[in-house]
Amino acid sequence: MNDKILKKMYAFILMVLILLIYPVLSGILVYIVGNIDLSLLKWPQLWSYVTFVIFLLIFYKDLRLKSSFKIPTWKDLVLALLIVFALHISMIFIHNIDMENATVYGWNRNPYQIIFFVLLTPIFEEMGFRILIINKFKHRLNFWIIAIIISIYFALIHFGSFYAHVSLFIFSLVLVRLYYILKNGTLLILIHVLYNGIIAIENTLWKDFFNANSALLQSPTYYIIAGVSMTMLSFLFFKTGWHRVKGFLN
8 MNDKILKKMY AFILMVLILL IYPVLSGILV YIVGNIDLSL LKWPQLWSYV
58 TFVIFLLIFY KDLRLKSSFK IPTWKDLVLA LLIVFALHIS MIFIHNIDME
108 NATVYGWNRN PYQIIFFVLL TPIFEEMGFR ILIINKFKHR LNFWIIAIII
158 SIYFALIHFG SFYAHVSLFI FSLVLVRLYY ILKNGTLLIL IHVLYNGIIA
208 IENTLWKDFF NANSALLQSP TYYIIAGVSM TMLSFLFFKT GWHRVKGFLN
């Protein structure tokens, strides 16, 4: 086995181990906190974010804040909105395959949960699960290896049905690709915030949204829109596609 293969194997194992640090660290922290005072466990999201902060501090250098975060151009912002729309329509299509088992992410309309879910979660997840990992391994591993491992991991750390995991995998895959194309973590966070914001609104009005989706399934227009959305996501998945779409905005 030559040195090149060994280096790639080492990089792959290292990437998986780094990704596993977060859940292991989270479990250790919860165990310690629980032994100190069980009442402190009433805020599980708090400890999740504390774990994120520790994790990001450990690998702070790999975030490369100056080069990884830039102010998006107005064209990129327009395309980001299109991507959020296309992602959302496509994900509804996946969930509608089995609407009765569609996951509502354990929503309880708590205002603090909304703040955590819409604002803080996208920041920490993009920095910890995509930007940091991609920066560290993009010159050592193939794009598809990094994208698939990150996306599987991202899907598995979220609770939900099989369809929820599929939609999260696709969501992550699209964002990984966008970071490779644009090298701008700010845009990834913005897309994630907007996407979570839409989910927050839907879950707050879940009953009405469920009924609306059920009615929408009877309309062929929905499937046309879903098909166009999926096609657009596929087109934007390639660097040339992204720049061609931007060209129409000139």
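Okay, so the sequence shown: first residue is 8 according to the working numbering, each after it adds one. Here a beta-carbon is modelled for each residue, glycine too, at the ideal position from N, C-alpha and C.
Outcome for Ser74 when other beta-carbon atoms lying within 10 angstroms are tallied against a minimum of 16: Burial call: exposed.
Own chain, CB closer than 7 Å to Tyr29, minus 5 neighbours either side, in chain order: Contacts found: Thr58, Phe62 and Gly135.
Environment of Lys143 [buried if 16+ CB atoms lie within 10 Å]: Buried, by the Cβ-count rule.
Same chain, Cβ closer than 6 Å to Ala162, five either side skipped, listed in chain order: These residues qualify, in order along the chain: His172, Leu175 and Phe176.
Selected residue, minimal CA-CA separation from Ile78, among His199, Lys190 and Tyr202: Comparing Cα-Cα distances from Ile78 to each of His199, Lys190 and Tyr202, the minimum goes to Lys190.
CB contact flag (Val125, Ser158, <8 Å): No.
Same chain, Cβ closer than 7 Å to Asn203, five either side skipped, listed in chain order: Within the same chain, Asn203 has close Cβ partners Phe124, Val125, Thr128 and Pro129.
Three-state secondary structure (DSSP) of Gln96: In the sequence under discussion, the amino acid at residue 96 is Ile, which differs from the Gln named in the question. Ile96 falls in the helix class under three-state DSSP.
Residues near Phe150 by beta carbon distance below 7 Å, same chain, minus five either side: Listed in chain order, the non-local C-beta contacts of Phe150 below 7 Å within the same chain comprise Tyr187, local neighbours out to five positions each way being set aside.
Glu133: first and last residue of the uninterrupted alpha helix (DSSP H) it sits in: Boundaries for Glu133: no alpha helix (DSSP H) harbours it, and the DSSP string shows neither H nor E there.
Contact belief for Leu195 with Glu133 at Cβ below 8 Å, rounded distance in angstroms: Confirmed, about 5 Å.
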